[in-house]
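In terms of our numbering, the sequence shown opens at residue 8 and continues consecutively. Virtual Cβ for every residue (Gly too), placed ideally from N, Cα, C. Just so it is clear, the structure is predicted and the values come from calculations on it, not from any experiment.
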Amino acid sequence: MELRQLQQFVVLAETLNFRQAAEQLHISQPPLSVSIRKLEEDLGVALFERSTRQVNLTEAGRAVLPEFRKALFHIQQARRHAVEADSGSRGELSIGSVGSATISLIPRIAPRFRQRYPGIALRLVEQPSSKVLDMVERGDLDLGLVRYPFVCAPKLQMVALEWDRLVVALPSNSPLIGDQQPSIDLDQLADQPVIAYAPTEGLHHVVLQLCQKAGFIPRLEHSTSQIQAAISMVAGGLGITLLPAMHARNKVKGVRFLELSSPFQERMTGLALVYDPDNESSLARQFRESAIEILGADLQE
């Protein structure tokens with residue numbers, strides 16, 4: 008059974024006239040008759056009752072007509088979806104994201120991206136930076152939004168989308184805090200217990216590098232994979248932690264946020280989009296280009 012046979016059957020069933028059907032199909036009558044006979048042989052039933060004066064559908068013909076129409080509709084839909092997916096106007100895009108990017112970037116990118124490409128569905132997977140990088144490298148994800156800087160596989164490329172400064176969170180009763188103290192030297196924290204981030208998190212490496220540049224190895228006594236959990240542990244008096252300033256906008260009982268007096272460029276951290284240029288789909292490319300454009304426009308506003 009071939010697609011053209013289904014099309015020919017439906018046209019003949021609607022016209023019940025071989026000459027008219029042949030004209031609509033832009034073929035001559037003999038090939039149409041042969042094709043319909045072959046379809047009937049394949050199905051093992053007669054679909055039409057033929058006489059010298061008229062053509063009518065048999066019971067079998069009436070039964071299969073709506074099914075063949077559905078089949079043709081779904082084939083046309085599949086063909087259209089395939090073309091749209093190839094052109095990047097329809098499909099599903101899988102994106103891995105660290106928690107900070109889910110909070111900061113996705114709400115700014117996703118709405119405007121969906122306005123431009125309403126046929127593209129987004130599937131968001133929240134994971135640590137290292138896990139996101141692994142999944143993008145394996146091809147399990149189309150794109151990733153990770154903490155930056157972070158070492159990734161040579162085959163992957165990163166595009167920095169957003170930068171933020173690191174600040175320190177201390178228990179509000181810490182003796183290191185003065186009355187009106189706006190900032191603190193990083194080396195003053197050398198003897199403090201540090202609530203670290205799991206090694207799979209990009210912030211883990213950023214914090215270690217910053218402390219090492221200040222001349223000390225931090226006392227990593229507790230750890231978590233979530234920034235909000237780290238803040239809660241600070242409130243409980245378990246130690247101090249470093250975190251992006253965007254997470255220090257709201258007051259937290261028992262916690263004091265201070266700026267770091269280290270050189271500005273040393274205390275910067277960012278969020279980056281990571282992708283595999285050798286395995287980038289048209290959907291992924293459109294999201295990457297849109298993200299750069301949207302966030303760039305945000306910076307200029």
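Check	Outcome
Once DSSP output is grouped into helix, strand and coil, what is the label at residue 306?	In this prediction, residue 306 has a pLDDT of 43, which is less than 50 and means its spatial position is unreliable; what the coordinates show is noted afterwards. Helix, per DSSP.
Rounding to the nearest angstrom, what Cα-Cα distance links residue 170 and residue 289 in this structure?	27 angstroms
Please give me, in chain order, every unbroken run of the alpha helix (DSSP H) with length at least 4 that falls completely inside the segment 21–96.	25–32, 36–50 and 66–94
For residue 212, report the span of its alpha helix (DSSP H) as first-last.	209–220
Should residue 104 and residue 116 be called a contact, given that it needs their Cβ atoms to be closer than 8 angstroms?	no
Please find out if some non-hydrogen atom of the ligand NAD comes closer than 7 angstroms to the beta-carbon of residue 77.	Summarising the ligand content, the structure contains no ligands, and the ligand NAD is consequently not present.
Mapping DSSP to helix, strand and coil, what is residue 199?	coil
Is residue 299 helix, strand or coil when you go by DSSP?	helix
Considering only the beta carbon of each residue, do residue 132 and residue 111 sit closer than 8 angstroms?	no
Which residues in the same chain as residue 151 place their Cβ atom closer than 6 angstroms to its Cβ, once the five residues preceding and following it in sequence are excluded?	103, 139, 143 and 281
Would you mind listing the beta strand (DSSP E) stretches within the segment 225–290 that are 3+ residues and don't spill past its ends, in chain order?	226–231, 248–251, 262–267 and 275–282
For residue 223, which of 231, 229 and 214 has the nearest alpha-carbon?	214
Mind listing, in chain order, the continuous beta strand (DSSP E) runs of no fewer than 3 residues lying wholly within the segment 88–152?	98–104 and 127–133
In the structure shown, what three-state DSSP assignment does residue 12 receive?	helix
Per DSSP, residue 190 is paired with what?	266
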